[in-house]
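All letters in the sequence shown, in the order written, are residues 7 to 167 by the working numbering. The C-beta atom is built at its ideal place from N, Cα and C for all residues, glycine as well. Note that the structure is a prediction, hence the values are computed from the model and not measured. Here the structure comes first, spelled out in structure tokens, and everything after it is commentary.
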Amino acid sequence: MSVKGTNFQVTLTIKREDTNELVYYKQDGTRFDNENTIKMKVQTPYIFLLTIRPAQKIKVASMKGDQLKRSSEEITVEYSNYCFHWKSTDIPVTKKNRRLSFNLILEIDGVGVLELPLQMKFYEATDTGHSKWGKSLHHVEFECMHKGGNSFVDILKTIYR
Numbered sequence: 007m008s009v010k011g012t013n014f015q016v017t018l019t020i021k022r023e024d025t026n027e028l029v030y031y032k033q034d035g036t037r038f039d040n041e042n043t044i045k046m047k048v049q050t051p052y053i054f055l056l057t058i059r060p061a062q063k064i065k066v067a068s069m070k071g072d073q074l075k076r077s078s079e080e081i082t083v084e085y086s087n088y089c090f091h092w093k094s095t096d097i098p099v100t101k102k103n104r105r106l107s108f109n110l111i112l113e114i115d116g117v118g119v120l121e122l123p124l125q126m127k128f129y130e131a132t133d134t135g136h137s138k139w140g141k142s143l144h145h146v147e148f149e150c151m152h153k154g155g156n157s158f159v160d161i162l163k164t165i166y167r
């Protein structure tokens with residue numbers, strides 16, 4: 007017997023707010039919890055651009071216990087777009103051979119909670135080398151499904167592009 011649910015796709019793009027540059031990522035294989043690591047800088051403002059197809063309404067977005075500031079919201083019949091702001095304040099530089107787990111938590115109206123698992127490494131704000139090794143992270147696609155009666159959304163597939 008198959009369990010039916012509501013499927014939707016979340017596309018996440020992360021950019022530096024001050025320069026509008028994409029962040030970088032690298033493939034770490036199975037050395038850590040997640041196969042991909044997003045490279046970020048401490049004390050740096052970022053924007054998180056989210057597109058959800060078909061449209062879903064995000065009530066609240068948070069990360070590391072901090073509610074993210076929403077600067078825009080667009081909802082159509084086909085999709086919804088959001089822009090959230092976050093600054094990597096009080097995040098220490100990540101030590102060598104370490105990674106930090108940061109879940110981007112989305113409370114979706116009428117659906118439940120979606121936790122997007124992100125693995126990050128933080129570099130000094132002035133770093134111009136290691137923080138740019140790897141590939142530009144254009145976006146991460148999360149294929150999601152919400153099963154009726156559950157308060158959490160399942161992630162079926164994650165693709166870094």
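Among the options, the one whose alpha carbon lies nearest that of residue i
i: THR12; options: ASN26, VAL48 and LEU120; result: LEU120
i: THR57; options: SER78, TRP92, LYS70 and ASP72; result: SER78
i: ARG37; options: GLN125, ALA61, ARG59 and ASP24; result: GLN125
i: THR199; options: GLN73, THR50 and GLU27; result: No answer is possible for residue 199: the residues shown for the chain start at 7 and end at 167.
i: LEU112; options: GLY155, LEU122, ARG59 and GLU27; result: LEU122
i: THR29; options: ILE97, LYS127 and PHE90; result: Note that residue 29 corresponds to Val in the displayed sequence, not to Thr. If we check each option's Cα against that of VAL29, LYS127 comes out closest.
i: ASN26; options: ALA131, PHE54 and LYS101; result: PHE54
i: VAL48; options: LYS141, ASN109, ARG105 and THR100; result: THR100
i: ILE173; options: LEU106, SER142, HIS91 and ASN156; result: This structure cannot speak to residue 173, because the chain is shown only from 7 to 167.
i: ARG105; options: ASN40, ILE20 and PHE14; result: ASN40
i: HIS152; options: GLN33, ILE161, HIS136 and LYS138; result: ILE161
i: TYR52; options: LEU18, LYS63, LYS32 and LYS141; result: LEU18
i: ILE44; options: SER142, THR164, PHE148 and GLY154; result: SER142
i: GLY71; options: PHE108, HIS145 and THR134; result: PHE108
i: ARG59; options: LYS65, MET69 and ILE81; result: ILE81
Endpoints, the beta strand (DSSP E) within which residue i is located
i: HIS152; result: 146 to 153
i: VAL16; result: 11 to 22
i: ASP160; result: 160 to 166
i: THR50; result: No beta strand (DSSP E) contains THR50, which DSSP labels as neither H nor E.
i: LYS32; result: 30 to 33
Nearest-angstrom Cβ-Cβ length linking residue i and residue j, presumed shorter than 8 Å
i: TYR85; j: ALA61; result: 5 Å
i: TYR166; j: ASN42; result: 5 Å
i: PHE158; j: GLY118; result: 6 Å
i: HIS91; j: LEU110; result: Incorrect: roughly 13 Å between the Cβ atoms, too far for contact.
i: PHE148; j: GLN33; result: About 17 Å separates the two Cβ atoms, so there is no contact after all.
I'd like the ranges of any beta strand (DSSP E) spanning at least 3 consecutive residues and lying wholly in the segment 52 to 117. Unbroken beta strand (DSSP E) stretches of 3 residues or longer found wholly inside the segment 52 to 117: 64 to 69, 75 to 81, 86 to 93 and 106 to 114, given in chain order.
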